[in-house]
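S.K.: To start, I am sharing the structure in question, which I have written as structure tokens.
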Amino acid sequence: MSIVSCCFDTQTEIPDCLDSMLQKCSHPGCCFSCTCVRPRYKRLVDNIFPQVPQDGLVKSNMEKLTFYSLSSPEKLDRIAEYLFQRASRDMSRKKTGYVVMAMEAMDQLLLACHAQTLNLFVESFLRMIQKLLESTEPDLQILATQSFVNFANIEEDTPSYHRRYDFFVSKFSSMCHSNHSDPNVRTMIRMAGIKGLQGVIRKTVSDDLVENIWEPIHMDKILPSLLFNMQDSKYYKEENYKPGLQDKNDPGVLADTCIRELIGRASFGHVRSVLRPVLRHLDLHNLWVPNDFAIHTFRIIMFSIQSQYSYAVVESLMSHLDENSGSSARIRTSITHVLSKIISISAEESVGPSVLEIINSLLGHVRVSASRRQDAEETQYMEALISCLGEFTAHLPDYQKVEIMVFIISKIPGEKKPPELLLQEMLLKSLLIVCKKYTNVSMNTTFPVSLLEPLLRLCANGETVFLVQSVLHQLLDRHANLSKVHDPSLDHAGIVREQCSRSDTMFLRKYGDDIYTCLVDSLHITCSLEILQAIYSTLALIAIELVTITTLPSFLAMVYSLQEFALSQNNLSVSQKCNVHILAICLLNLVSNLLQIPSMKVYVQSVIDKRREIAPYLLPEIREEHRLDNLDINPDLLILEVKLGECLRQSGVEVPTISASLKYTSQRQYDVHSWVENTGMSMKGSNSDLTTLDLDSANSTPGIQRKYPEEELSFEAMKRVLAESSEVVKANEKHRQEQLFQTFRNTTFQEMVVRNTVKVKTLQSKLMELLNKTQYTPLPQNDMPPIYEQLFPELFAY
1 MSIVSCCFDT QTEIPDCLDS MLQKCSHPGC CFSCTCVRPR YKRLVDNIFP QVPQDGLVKS
61 NMEKLTFYSL SSPEKLDRIA EYLFQRASRD MSRKKTGYVV MAMEAMDQLL LACHAQTLNL
121 FVESFLRMIQ KLLESTEPDL QILATQSFVN FANIEEDTPS YHRRYDFFVS KFSSMCHSNH
181 SDPNVRTMIR MAGIKGLQGV IRKTVSDDLV ENIWEPIHMD KILPSLLFNM QDSKYYKEEN
241 YKPGLQDKND PGVLADTCIR ELIGRASFGH VRSVLRPVLR HLDLHNLWVP NDFAIHTFRI
301 IMFSIQSQYS YAVVESLMSH LDENSGSSAR IRTSITHVLS KIISISAEES VGPSVLEIIN
361 SLLGHVRVSA SRRQDAEETQ YMEALISCLG EFTAHLPDYQ KVEIMVFIIS KIPGEKKPPE
421 LLLQEMLLKS LLIVCKKYTN VSMNTTFPVS LLEPLLRLCA NGETVFLVQS VLHQLLDRHA
481 NLSKVHDPSL DHAGIVREQC SRSDTMFLRK YGDDIYTCLV DSLHITCSLE ILQAIYSTLA
541 LIAIELVTIT TLPSFLAMVY SLQEFALSQN NLSVSQKCNV HILAICLLNL VSNLLQIPSM
601 KVYVQSVIDK RREIAPYLLP EIREEHRLDN LDINPDLLIL EVKLGECLRQ SGVEVPTISA
661 SLKYTSQRQY DVHSWVENTG MSMKGSNSDL TTLDLDSANS TPGIQRKYPE EELSFEAMKR
721 VLAESSEVVK ANEKHRQEQL FQTFRNTTFQ EMVVRNTVKV KTLQSKLMEL LNKTQYTPLP
781 QNDMPPIYEQ LFPELFAY
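Residue numbers for the sequence shown follow the working numbering, beginning at 1 and rising by one.
Given below as structure tokens:
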């Protein structure tokens with residue numbers, strides 16, 4: 001013993017070659033006691049363990065070991081290795097108490113030491129945790145998880161290039177699915193598994209040098225495990241979900257927090273890596289119908305993801321809807337409902353092409369659904385798509401809503417086949433729901449030509465006229481007057497009106513006649529009660545929002561044309577004629593009260609009083625059946641064009657005739673729909689020079705006939721005349737160029753000089769001839785100033 005003591009100083013380290021030999025000598029069964037020659041770090045480690053496991057770590061000796069580790073950090077790897085060996089030996093011998101103390105000692109050393117050599121200690125530390133996780137005892141698994149979480153919260157000074165976490169991801173994920181017979185133990189194991197996954201996420205997502213946790217092999221384990229615990233929790237439903245108020249020991253709540261942290265750390269390239277296993281989990285477990293859990297999950301994702309990446313979630317969900325195009329309508333409807341719940345969150349972050357891309361995808365689904373065999377579920381699916389479109393546009397700025405409306409109406413087909421008619425209806429409903437979210441400030445901005453022209457063209461389609469009127473109602477009604485003008489009435493109390501701006505007045509001047517034309521022409525197609533109410537609401541809103549004293553003649557011409565329509569159309573029933581007359585008198589009464597024109601108010605009231613005495617059926621309300629055999633109207637009960645002209649002149653507005661203020665004939669002798677398609681409803685006001693043509697009065701006044709009755713007067717005829725004249729001009733120009741070419745080719749230079757030389761005498765003779773024709777006559781002299789000074793004296797200063 002003395003020889004050994006002399007050879008080896010107890011304060012120095014023993015060579016590794018003698019280490020194994022000395023371990024044998026220090027064995028309790030050996031006759032020699034050689035513990036004094038063991039390495040110091042081993043003696044310090046051995047001293048922290050008590051004789052009885054229940055006593056716990058020896059605190060004073062643990063402090064000595066910690067001090068030694070801090071003063072000699074190069075020994076950390078050996079200390080960790082020796083602790084691992086002791087723990088492995090104790091685990092095999094079922095000495096759980098010593099195993100727990102070894103793990104506790106490692107935790108304390110890990111938290112105390114922050115040297116650059118900590119990576120060497122971590123290798124043994126992770127081996128220790130893996131050893132405990134592989135055991136079948138829940139207590140050791142939970143202990144190992146707690147240690148791993150503590151390790152995950154430590155920021156290492158130097159990264160590790162070779163460390164892998166495959167085992168931990170797999171093990172923690174399997175713990176999340178624990179089905180232990182004891183509910184309390186099962187909950188504890190699942191909680192430990194979720195905490196372990198949370199630790200793996202924290203340790204890996206912030207370090208680019210470790211293994212990529214976003215790879216599918218890892219995400220396919222992590223996310224389904226978390227979703228499984230959320231699904232099994234009673235707190236996942238949206239109405240019950242209040243963050244911070246749930247039981248903290250519920251695995252579902254912890255899984256919710258873990259998913260939020262994972263999504264919040266995802267970059268743009270990793271968003272789809274997260275969403276793919278989520279969508280697959282919902283598919284495999286049939287969680288789309290009902291979709292409460294799916295809605296809750298995607299709301300968590302949308303509120304956790306970085307705002308600039310939120311539209312990527314919408315795109316992924318829409319792509320998943322594309323993949324499920326062959327699934328049942330209930331599944332597609334549920335996916336669309338989920339999309340409706342989250343799409344508004346991403347709307348504010350969607351700009352430029354991404355907006356139209358989402359809208360185009362939704363409209364594409366509407367188009368595909370409209371081509372299928374229709375039933376209740378398929379119709380519900382289309383309604384869900386339209387609702388989703390409305391939710392998306394509700395959070396967009398108004399200028400983008402106008403672009404979306406133009407985009408939608410450009411997708412509406414023009415054919416009248418049954419599939420196309422259904423698609424027209426669905427797209428118009430989509431347009432309508434966008435209009436409901438729009439705020440009208442200026443008519444020129446609200447109704448660009450690319451939107452107004454197709455809308456007026458669709459007015460000539462009997463199947464879509466009501467939806468078109470509804471769109472116009474939403475866009476025109478700026479002061480919430482729609483409910484007050486829903487039905488024709490003589491009572492206009494409560495209507496809110498502001499002074500019309502100059503730009504709105506110019507808009508009505510430019511497009512008013514075309515709008516009036518299409519609205520009145522719609523009655524030629526269908527004159528049902530519903531359409532009459534819709535047209536009345538549209539015209540009433542135009543009167544409230546746009547009509548001024550300068551644009552009043554065109555509006556009165558439109559009202560007069562309604563009456564002429566009711567008088568001239570023999571295919572209308574008696575009730576329909578009465579309803580049109582009611583429409584005309586109500587609109588005339590409305591505009592006279594809005595503009596406060598005394599003479600017109602008196603005249604309109606006199607007509608109303610006469611109708612109330614003689615023909616009350618010509619006053620509101622409109623009905624399906626008036627119970628009249630025939631309609632013989634006294635001229636005194638009608639609106640007279642002459643009287644309207646007198647009222648306008650008394651108000652300072654000079655017009656030749658009322659009917660001349662509108663650019664169309666009241667009695668169509670040709671198909672209206674084809675006229676609209678051919679003319680394209682020229683929206684640029686190019687026909688403004690035709691306002692003085694009294695076509696209506698020429699047709700309606702007896703004894704007045706056209707000079708050329710056999711001549712065709714239509715747009716096509718004028719177009720043909722212009723085309724023919726242009727062809728003649730082109731032919732003449734071509735002939736002149738050929739003659740000029742031949743002249744220059746065949747004529748000599750001298751002849752060309754003589755032909756193009758102008759003689760001086762010729763010029764003088766021509767000049768004298770002109771002077772002789774214009775004889776100067778002096779004005780009579782008087783003392784009166786010139787006429788321009790009399791009329792405009794302020795323009796001249798003396």
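Note that beta-carbon positions come from the ideal geometry of N, C-alpha and C, so glycine has one too. Since the model is a prediction, treat every value here as computed from it, not as a measurement.
Are there 16 or more other CB atoms within 10 angstroms of the CB of V52, so buried, or fewer, so exposed?
M.R.: Exposed, since its Cβ has fewer than 16 Cβ neighbours within 10 Å.
S.K.: Among Y516, E123 and P620, which residue has its Cα nearest to the Cα of I535?
M.R.: It is Y516 whose Cα lies nearest to the Cα of I535.
S.K.: Quick check on this structure: which residue in V289, P251, I305 and H337 has the alpha carbon closest to the alpha carbon of R265?
M.R.: Selected option, being the one with the closest Cα: I305.
S.K.: Check whether the stretch 539-553 touches the stretch 503-514, taking contact to mean three or more Cβ pairs, one atom from each stretch, closer than 8 Å.
M.R.: As far as the Cβ criterion goes, the stretch 539-553 touches the stretch 503-514, which means the pair count is three or higher.
S.K.: To the nearest angstrom, how far is it from the Cα of G29 to the Cα of D77?
M.R.: The predicted position of G29 is uncertain, since its pLDDT is 41 and thus under 50; a value taken from the coordinates is nonetheless stated next. Whole-angstrom Cα-Cα distance: 29 Å.
S.K.: Indicate whether the contact test is met: 3 or more Cβ pairs, each with one atom in the stretch 565-574 and one in the stretch 588-596, closer than 8 Å.
M.R.: Contact between the stretch 565-574 and the stretch 588-596 is absent, because fewer than three Cβ pairs lie under 8 Å.
S.K.: When the Cα atoms are used, what is the spatial distance from Q474 to L432?
M.R.: Roughly 8 Å between the two C-alpha positions.
S.K.: At the level of alpha carbons, what is the spacing between D232 and P251?
M.R.: Roughly 9 Å separates the two Cα atoms.
S.K.: For Q576, count neighbouring C-beta atoms within 10 Å of its own C-beta (all shown protein chains included) and say buried if the count is 16 or more, exposed if not.
M.R.: By the neighbour-count rule (16 or more Cβ atoms within 10 Å), Q576 is buried.
S.K.: Check V643 in the structure and name its three-state DSSP category.
M.R.: Note that residue 643 is Lys in the sequence shown, not Val. Note: K643 maps to helix in three-state DSSP.
S.K.: In or out: D90 buried (at least 16 other Cβ within 10 Å) or exposed?
M.R.: The residue in question, D90, is buried, as its Cβ has 16 or more Cβ neighbours within 10 Å.
S.K.: With a Cβ-Cβ cutoff of 8 Å, do V368 and S430 count as a contact?
M.R.: Contact: no.
S.K.: With a threshold of 8 Å on Cβ separation, who are the neighbours of I408 within its own chain once the five nearest residues in sequence on each side are excluded?
M.R.: Here the set comprises I359, L363, L427, S430, L431 and V434.
S.K.: With three or more C-beta pairs closer than 8 Å as the rule, is the stretch 172-182 touching the stretch 224-231?
M.R.: These segments touch.
S.K.: With distance defined between alpha-carbon atoms, name the residue in F84, P138 and F565 nearest to N126.
M.R.: As written in the sequence, residue 126 is Leu, which differs from the Asn given in the question. Of the listed residues, the one whose Cα sits closest to L126 is F84.
S.K.: By the DSSP assignment, the alpha helix (DSSP H) with S319 in it spans what residues?
M.R.: Counting along the chain, the alpha helix (DSSP H) containing S319 begins and ends at S310 to E323.
S.K.: Going by C-alpha distance, which of I412, R478 and L467 is nearest V441?
M.R.: Among I412, R478 and L467, the Cα nearest to that of V441 belongs to R478.
S.K.: Output the distance between the C-alpha atoms of F303 and E624, rounded to the nearest integer angstrom.
M.R.: Rounded to the nearest angstrom, the two C-alpha atoms are 53 Å apart.
S.K.: Am I right that F466 and I412 are in contact with their C-beta atoms under 8 Å? What's the rounded C-beta distance?
M.R.: Going by Cβ atoms, the distance from F466 to I412 rounds to 15 Å, so no, they are not a contact pair.
S.K.: With 16 as the cutoff for other CB atoms within 10 Å, does Q636 come out buried or exposed?
M.R.: Residue identity differs from the one stated: residue 636 is Asp in this sequence, not Gln. When all chains shown are included, D636 counts as exposed.
S.K.: Measure the alpha-carbon distance for D609 versus K601 and round it to whole angstroms.
M.R.: Whole-angstrom Cα-Cα distance: 12 Å.
S.K.: With the cut-off set at 8 Å, would you say S325 and S387 are in Cβ contact?
M.R.: No, Cβ-Cβ distance for S325 and S387 is not below 8 Å.
S.K.: Cutting at 6 Å between CB atoms, please list the residues of its own chain near Q469, excluding the five before and the five after it.
M.R.: Closer than 6 Å at Cβ, skipping near neighbours: A534 and T538.
S.K.: What is the C-beta distance between Q424 and E463, in whole angstroms, given that I count them as a contact (C-beta under 8 Å)?
M.R.: Indeed, because the Cβ distance is near 7 Å, the residues count as touching under 8 Å.
S.K.: Between which residues of its own chain and A192 is the CB-CB distance below 7 Å, once the five residues before and five after are set aside?
M.R.: The residues are Q141, I142, T145 and M175.
S.K.: If distances are taken between C-alpha atoms only, which option among R736, I194, D292 and E641 comes closest to L262?
M.R.: The shortest Cα separation from L262 among R736, I194, D292 and E641 belongs to I194.
S.K.: Confirm, please, whether the CB-CB distance from V313 to V355 is below 8 Å.
M.R.: Cβ distance not < 8 Å, so V355 and V313 don't count as in contact.
S.K.: Give the DSSP-derived three-state secondary structure of L791 in the structure shown.
M.R.: Of the three classes helix, strand and coil, the one that applies to L791 here is helix, per DSSP.
S.K.: To test your reading of the DSSP string, which unbroken alpha helix (DSSP H) runs of 4 or more residues are found completely within the stretch 418-481?
M.R.: Runs of the alpha helix (DSSP H) inside the stretch 418-481: 418-436, 443-446, 449-458 and 465-476.
S.K.: Considering only their Cβ atoms, is the gap separating I622 from Y560 smaller than 8 Å?
M.R.: No, they are not a contact pair.
S.K.: Can you grab the Cα-Cα spacing for the pair V653 / N481, in whole Å?
M.R.: For V653 and N481, the distance between alpha carbons rounds to 28 Å.
S.K.: Rounded to whole angstroms, what's the CA-CA distance from E81 to L111? Just pull it up for me.
M.R.: Looking at the two C-alpha atoms, the distance is approximately 17 Å.
S.K.: Relative to the alpha-carbon of H827, which residue among P620, N732 and G645 has its alpha-carbon at the smallest distance?
M.R.: Because residue 827 is not part of the residues shown, which for the chain are 1 to 798, the question remains open.
S.K.: Can you tell me whether R745 is buried or exposed, with buried defined as 16 or more other CB within 10 angstroms of its CB?
M.R.: So R745 ends up on the exposed side.
S.K.: Which full runs of the alpha helix (DSSP H) of 4+ residues lie inside the stretch 585-653, going along the chain?
M.R.: You should have 598-614 and 641-650.
S.K.: If you run the structure through DSSP and keep just helix, strand and coil, what is K684?
M.R.: The predicted position of K684 is uncertain, since its pLDDT is 39 and thus under 50; no value can be drawn from it.
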